[in-house]
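Chemist: Residue numbers (the UniProt record's numbering): 1 to 372.
Sharing a structure here in structure tokens format.
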């Protein structure tokens with residue numbers, strides 16, 4: 001390592017340490033404000049549950065607008081350093097100073113209301129309608145964003161300081177087609193949640209190798225044909241469950257979206273992952289609620305830890321539904337594919353997270369639209 005590179009590294013390290021020291025007093029103040037209790041004595045400060053600026057507690061601080069706005073002024077930002085600030089040239093709420101006088105912070109908190117109920121896409125459409133002009137829902141817009149990468153190992157190192165930044169929502173078909181043909185360097189902002197995975201990796205060759213390996217779990221003859229009996233058995237149970245829900249409803253109605261999301265998650269866990277029926281019924285709804293922000297977010301991480309442990313145990317398989325003969329037990333082709341991934345950075349855990357949630361989410365919502 002030459003002197004210039006070493007000097008830049010030391011400068012960056014000193015900057016990070018200085019910011020961290022600067023944040024500690026504010027973090028303690030925020031913890032006190034949230035709990036509405038006096039600060040703990042200094043001698044036991046290390047034992048207090050002060051929100052971790054580099055962990056999940058950081059996001060709990062968004063609930064109070066004033067403390068959040070004070071917080072982001074202390075965090076590093078890359079917006080002012082940009083030679084070309086895309087927010088000055090594309091549509092979006094960041095240009096609306098009348099509605100959002102505090103700019104980035106006000107827009108972030110406004111959009112967060114959609115995020116909390118899992119309706120980001122609806123919030124984006126509302127902004128497109130309001131600011132997209134004639135382009136409407138095909139308008140590219142700019143939204144505020146917080147990026148949290150990792151320090152050390154790019155996939156599994158400790159979390160770095162949150163970075164104040166912004167993102168472009170590309171909705172114009174021609175622009176999307178052009179971008180897809182060009183090399184675009186991915187940001188590492190997915191690694192805190194998804195570790196190393198086909199979504200979060202910033203290494204293009206690694207992405208290609210990982211994708212080629214995982215696709216084996218979805219081959220019609222090699223994998224899907226083997227799980228079809230289990231899938232069919234679950235479909236029969238699904239029909240019975242739908243009737244049970246309808247008969248127990250006061251007005252005979254069924255929330256078909258929630259029902260289909262439950263069943264697509266069930267199919268993933270039972271067939272592709274090969275988990276047993278008892279574990280699926282115990283975790284299905286709680287995992288989905290955790291990802292939607294309706295219960296504690298950390299449940300989702302514990303769910304993935306347990307899922308990966310079950311995958312690696314190799315003896316956690318079970319039938320597709322209650323009362324089904326053990327002959328219909330499936331071994332889980334996706335579990336096999338993830339278990340044999342030869343990549344660093346907790347690739348098995350990151351990809352399990354993606355398929356457990358995104359796999360059911362897109363399918364469940366698509367089925368809901370088809371039914372409606």
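Built from N, CA and C at the ideal position, the CB exists for glycine as well.
Keep in mind that this is a model prediction, so the values were computed, not measured.
1. What does residue 242 pair with, by DSSP beta-bridge criteria?
2. Comparing alpha-carbon positions, which option in 102, 89 and 94 lies nearest residue 66?
3. Is the beta carbon of residue 169 sitting closer than 9 angstroms to the one on residue 108?
4. Is it true that the stretch 290-297 meets the stretch 117-129, where meeting means three or more beta-carbon pairs spaced less than 8 angstroms apart?
5. One question on the structure: do residue 351 and residue 367 come within less than 9 angstroms of each other, judged by their Cβ atoms?
6. Would you identify the three-state DSSP class for residue 164, choosing helix, strand or coil?
7. Taking the alpha carbon of residue 191 as the reference point, which residue from 345, 284 and 363 has its own alpha carbon closest?
8. Which residue from 340, 212 and 283 puts its Cα closest to that of residue 356?
9. Look at the alpha carbon of residue 104 and the alpha carbon of residue 72, and state the distance between them as a whole number of angstroms.
10. Check for me: the alpha helix (DSSP H) holding residue 179 runs from which residue to which?
11. What are the start and end residues of the alpha helix (DSSP H) that includes residue 333?
12. Could you say if the stretch 232-243 and the stretch 198-211 meet the contact criterion of at least three C-beta pairs nearer than 8 angstroms?
13. Helix, strand or coil: how does DSSP classify residue 358 here?
14. With a CB to CB cut of under 7 angstroms and the five nearest residues on each side skipped, what residues in its chain are close to residue 79?
15. Can you name, in chain order, every residue of its own chain whose Cβ lies under 6 angstroms from the Cβ of residue 124, other than the five neighbours on each side?
16. Express the C-alpha separation of residue 68 and residue 29 in angstroms, rounding to a whole number.
17. Can you give the Cα-Cα distance for residue 173 and residue 371, rounded to whole angstroms?
18. Tell me whether residue 70 sits in a helix, a strand or coil according to DSSP, three-state version.
19. Under 7 angstroms Cβ to Cβ from residue 349, same chain only, skipping five residues before and after it: list those, please.
20. Out of curiosity, what's the CA-to-CA distance linking residue 245 and residue 257?
21. Measure the alpha-carbon distance for residue 247 versus residue 271 and round it to whole angstroms.
Modeler: The short version:
1. DSSP output for residue 242 lists no bridge partner at all.
2. 102
3. no
4. They touch, by the three-pair rule.
5. no
6. strand
7. Checked all of 345, 284 and 363; the closest Cα to residue 191 is 345.
8. 283
9. 10 angstroms
10. 173-181
11. 333-339
12. no
13. helix
14. 85, 164, 165 and 166
15. 169
16. Note on residue 29: pLDDT 44, under 50, position unreliable in the model; no value is reported.
17. 27 angstroms
18. helix
19. 195, 304 and 308
20. Those two C-alpha atoms are separated by around 13 angstroms.
21. 28 angstroms
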